[in-house]
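To start, the structure under review is shown below, and the notes come after it.
Numbering (the working numbering), first residue to last: 47 to 113.
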């Protein structure tokens, strides 16, 4: 999931690999990096039609490629 050595910055378009509660499954959510903290990254994403803001570990993010 995570790209080792990737530095995220505000404005980066990312894929958040959201883990389903109580399971080992993940699914992709398109998001944008809003801010960085010491251990987590604040993102805003479209989670099944609902705009959400979450603090997530960098391991759960992947940069989106420009098309």
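No residue lacks a Cβ here, since even glycine has one placed at the ideal position from N, Cα and C.
None of these values were measured; they are calculated from a predicted model.
- Note that the C-beta distance between residue 59 and residue 110 is below 8 Å.
- Around the beta-carbon of residue 84, fewer than 16 other beta-carbon atoms lie within 10 Å, marking it exposed.
- The three-state reading of DSSP puts residue 105 in helix, counting H, G and I together.
- With 16 or more other CB atoms across the displayed protein chains lying within 10 angstroms of its CB, residue 77 is buried.
- Taking 8 Å as the cut-off, the beta carbon of residue 92 is found no closer than this to the beta carbon of residue 72.
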